[in-house]
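Taking it in order: structure first as structure tokens, then the write-up.
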Amino acid sequence: MSSPLLTEATRIARDFDYPAAEVQRGVAEYIRQSNEGLAKENTTLSQIPTFVTAVPNGTEKGLYLAVDLGGTNFRVCSVQLHGDTTFSLTQSKIMIPRELMASGTSKDLFTFLARQIEAFLRIHHNEHFEAHQRRRRDGNEEEDLFDLGFTFSFPVRQHGINSGTLIRWTKGFNIPDAVGHDVCALLQSAIDDLDLPVRVAALVNDTVGTLMARSYTSPGETGTLLGAIFGTGTNGAYVEKLENISKLQSMKDAHYDTHTGEMIINAEWGSFDNQLGVLPCTVYDRDLDADSNNPGIQMFEKRVSGMFLGEILRRALLDLHNNASVGLFKSSTTSKVSVPSDSLFYRQWGLDTSLLSIVEADTTKEMKDIKVALKDHLNIENASDEDCQAVKILTHAIGKRAARLSAVPLAAILIHTGKLNTDDIVDVGVDGSVVEYYPNFEGHLRDALREVPEVGPAGEKKVRIGISKDGSGVGAALIALVASKDETMHAPSKK
Ligand code: ADP
Ligand code: MG
Numbered sequence: 001m002s003s004p005l006l007t008e009a010t011r012i013a014r015d016f017d018y019p020a021a022e023v024q025r026g027v028a029e030y031i032r033q034s035n036e037g038l039a040k041e042n043t044t045l046s047q048i049p050t051f052v053t054a055v056p057n058g059t060e061k062g063l064y065l066a067v068d069l070g071g072t073n074f075r076v077c078s079v080q081l082h083g084d085t086t087f088s089l090t091q092s093k094i095m096i097p098r099e100l101m102a103s104g105t106s107k108d109l110f111t112f113l114a115r116q117i118e119a120f121l122r123i124h125h126n127e128h129f130e131a132h133q134r135r136r137r138d139g140n141e142e143e144d145l146f147d148l149g150f151t152f153s154f155p156v157r158q159h160g161i162n163s164g165t166l167i168r169w170t171k172g173f174n175i176p177d178a179v180g181h182d183v184c185a186l187l188q189s190a191i192d193d194l195d196l197p198v199r200v201a202a203l204v205n206d207t208v209g210t211l212m213a214r215s216y217t218s219p220g221e222t223g224t225l226l227g228a229i230f231g232t233g234t235n236g237a238y239v240e241k242l243e244n245i246s247k248l249q250s251m252k253d254a255h256y257d258t259h260t261g262e263m264i265i266n267a268e269w270g271s272f273d274n275q276l277g278v279l280p281c282t283v284y285d286r287d288l289d290a291d292s293n294n295p296g297i298q299m300f301e302k303r304v305s306g307m308f309l310g311e312i313l314r315r316a317l318l319d320l321h322n323n324a325s326v327g328l329f330k331s332s333t334t335s336k337v338s339v340p341s342d343s344l345f346y347r348q349w350g351l352d353t354s355l356l357s358i359v360e361a362d363t364t365k366e367m368k369d370i371k372v373a374l375k376d377h378l379n380i381e382n383a384s385d386e387d388c389q390a391v392k393i394l395t396h397a398i399g400k401r402a403a404r405l406s407a408v409p410l411a412a413i414l415i416h417t418g419k420l421n422t423d424d425i426v427d428v429g430v431d432g433s434v435v436e437y438y439p440n441f442e443g444h445l446r447d448a449l450r451e452v453p454e455v456g457p458a459g460e461k462k463v464r465i466g467i468s469k470d471g472s473g474v475g476a477a478l479i480a481l482v483a484s485k486d487e488t489m490h491a492p493s494k495k
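Be aware that the sequence shown starts at 1, since it is given in UniProt numbering, and climbs by one per residue.
Following this line, the structure appears as structure tokens:
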């Protein structure tokens with residue numbers, strides 16, 4: 001195994017080691033940055049107050065609506081919560097016409113959205129819809145409104161659970177007259193123009209949705225502490241004590257329910273340690289960042305999430321390929337490997353993170369899955385066994401580092417909230433293809449958790465991690481539910 005290629009691959013892999021002492025240093029710094037974020041604006045960790053002040057325990061009941069305006073599609077769904085940790089979900093998905101995304105007015109867009117909600121109600125909840133219209137006609141004051149959770153994935157400045165002003169459009173949207181306006185109010189007014197029995201009850205962030213969905217579906221009545229996403233990006237939301245969120249005091253127009261004494265914080269941990277005080281940094285991390293369109297930003301995310309792991313691996317493999325004395329994917333007397341000049345191997349972002357999962361999963365001697373994946377993903381044919389070995393060594397190192405890094409915010413939040421001292425089980429909901437599909441991601445994460453002295457093997461055992469699906473559907477519905485019980489909303493009616 002001491003060929004020049006494998007020796008060099010092993011040497012590079014060691015640069016991705018993230019030993020216990022580094023994990024501990026990371027956790028201490030995360031706690032420091034998170035406290036700073038709770039106290040002040042414009043910090044590395046944003047620690048955004050979400051104004052959601054309670055998590056569900058699985059006994060909630062009722063019928064709620066959720067809509068999701070994120071990118072290309074508009075999703076409308078209704079969620080029936082059965083009160084026993086289960087739910088049924090009905091949904092429709094509509095492409096947003098191009099002209100509404102960019103050239104029209106905000107009224108055009110929001111009227112379109114309200115019409116989709118109307119169509120959805122007529123198809124799936126017509127009885128309720130008609131009863132509402134009948135009551136209106138008869139001048140009956142008593143209303144029976146659907147509470148709706150609005151997942152709006154653009155930058156907003158939130159003032160309360162159901163209000164937030166649009167800071168700017170992204171992702172191809174450009175409707176200038178909406179900027180600076182409350183998007184919940186815009187949607188509500190379009191809904192009211194159509195006389196729909198719907199109240200926009202909550203503005204929803206997808207990470208918070210993940211936390212809420214898990215808290216409802218998790219076994220038993222234990223509330224969930226943390227929701228975490230490891231997909232294209234990485235982020236987390238957790239339950240914080242109100243008294244610790246000292247920056248709330250300086251937010252003048254903020255209004256929220258105080259009776260639980262808690263609020264969910266959206267950590268925005270993708271930007272943890274942008275200053276690189278404690279994050280590990282290989283030459284590949286440095287170059288990836290320098291060549292990205294947002295250098296110096298989202299530095300934690302660039303070491304952990306699906307958008308970046310493939311590119312880190314590609315850069316490391318390219319190094320071995322270009323190093324004439326080791327010659328990865330270079331023909332030898334025993335193999336005639338070929339990398340076409342137009343292979344994605346030579347293209348920035350050309351290596352998808354799903355390849356890492358395939359490589360890590362193939363533990364066979366023949367490594368057939370790896371060979372097939374190299375061909376399918378990168379058009380590399382006839383890779384030798386030794387080439388595949390080298391790919392495995394680096395994949396393992398990069399994936400393992402990502403999983404161990406993921407333990408840093410988790411351990412920090414466990415320690416900071418003191419949850420390990422109070423509860424038997426600490427429930428955590430996760431979502432995203434990386435945590436779901438990368439082999440043993442959770443195992444590596446747990447190894448690192450145990451190495452943090454304040455967590456240790458006993459603490460790690462208390463942590464229950466479960467997949468949480470569909471944060472923008474059931475999660476948003478649950479936020480609408482919590483919001484409808486929020487005393488600061490002065491709701492005019494109740495179902
Ligand atoms: P989103 O973040 O948009 O909600 P996902 O959770 O599916 O979607 O994450 C997509 C990211 O996960 C992409 O960066 C993709 O490269 C990566 N990915 C997709 N499949 C896998 C897999 N099997 N193993 C690891 N990463 C994957
Ligand atoms: Mg997702």
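Ideal Cβ positions, reconstructed from N, Cα and C, are used throughout, including at glycine.
Pairwise C-alpha distance: residue j and residue i
| i | j | result |
| --- | --- | --- |
| residue 337 | residue 298 | 37 Å |
| residue 494 | residue 96 | Its pLDDT being 36, under 50, residue 494 is placed unreliably by the model, and the measurement read from it follows with that caveat. Roughly 32 Å separates the two Cα atoms. |
| residue 314 | residue 351 | 6 Å |
| residue 392 | residue 34 | 35 Å |
| residue 485 | residue 262 | 15 Å |
| residue 173 | residue 293 | 19 Å |
| residue 118 | residue 65 | 12 Å |
| residue 176 | residue 154 | 14 Å |
| residue 421 | residue 57 | 20 Å |
| residue 114 | residue 83 | 29 Å |
| residue 134 | residue 127 | 11 Å |
| residue 143 | residue 311 | 54 Å |
| residue 373 | residue 41 | 46 Å |
| residue 278 | residue 130 | 59 Å |
| residue 317 | residue 168 | 39 Å |
Contact under 9 Å by Cβ, residue i with residue j
| i | j | result |
| --- | --- | --- |
| residue 471 | residue 227 | yes |
| residue 387 | residue 53 | no |
| residue 477 | residue 78 | yes |
| residue 251 | residue 482 | no |
| residue 202 | residue 161 | yes |
| residue 378 | residue 356 | no |
| residue 232 | residue 306 | yes |
| residue 326 | residue 7 | yes |
| residue 272 | residue 417 | no |
| residue 239 | residue 217 | no |
| residue 50 | residue 205 | yes |
| residue 30 | residue 453 | no |
| residue 496 | residue 474 | Beyond the ends of the chain as shown, which are 1 and 495, falls residue 496; an answer cannot be given. |
| residue 18 | residue 405 | yes |
| residue 165 | residue 159 | yes |
| residue 309 | residue 430 | no |
beta-carbon residue i near the ligand ADP non-hydrogen atom, thresh 8 Å
| i | result |
| --- | --- |
| residue 352 | yes |
| residue 232 | yes |
| residue 466 | no |
| residue 432 | yes |
| residue 438 | yes |
| residue 309 | yes |
| residue 357 | yes |
| residue 306 | yes |
| residue 229 | yes |
Burial state of residue i, where buried means 16 or more other Cβ atoms lie within 10 Å
| i | result |
| --- | --- |
| residue 243 | exposed |
| residue 123 | exposed |
| residue 267 | buried |
| residue 75 | buried |
| residue 289 | buried |
| residue 492 | With a pLDDT of only 41 at residue 492, under 50, the local geometry of the prediction cannot be trusted, and the value read off the model is given with reservation. Looking at its Cβ environment, which holds fewer than 16 other Cβ atoms inside 10 Å, residue 492 is exposed. |
| residue 490 | Its pLDDT being 45, under 50, residue 490 is placed unreliably by the model, and nothing is read from it. |
| residue 281 | exposed |
| residue 359 | buried |
| residue 500 | Absent from the model: residue 500. The displayed extent of the chain is 1 to 495, so no value can be given. |
| residue 459 | buried |
| residue 283 | exposed |
| residue 270 | buried |
| residue 136 | exposed |
| residue 22 | buried |
| residue 401 | buried |
| residue 197 | buried |
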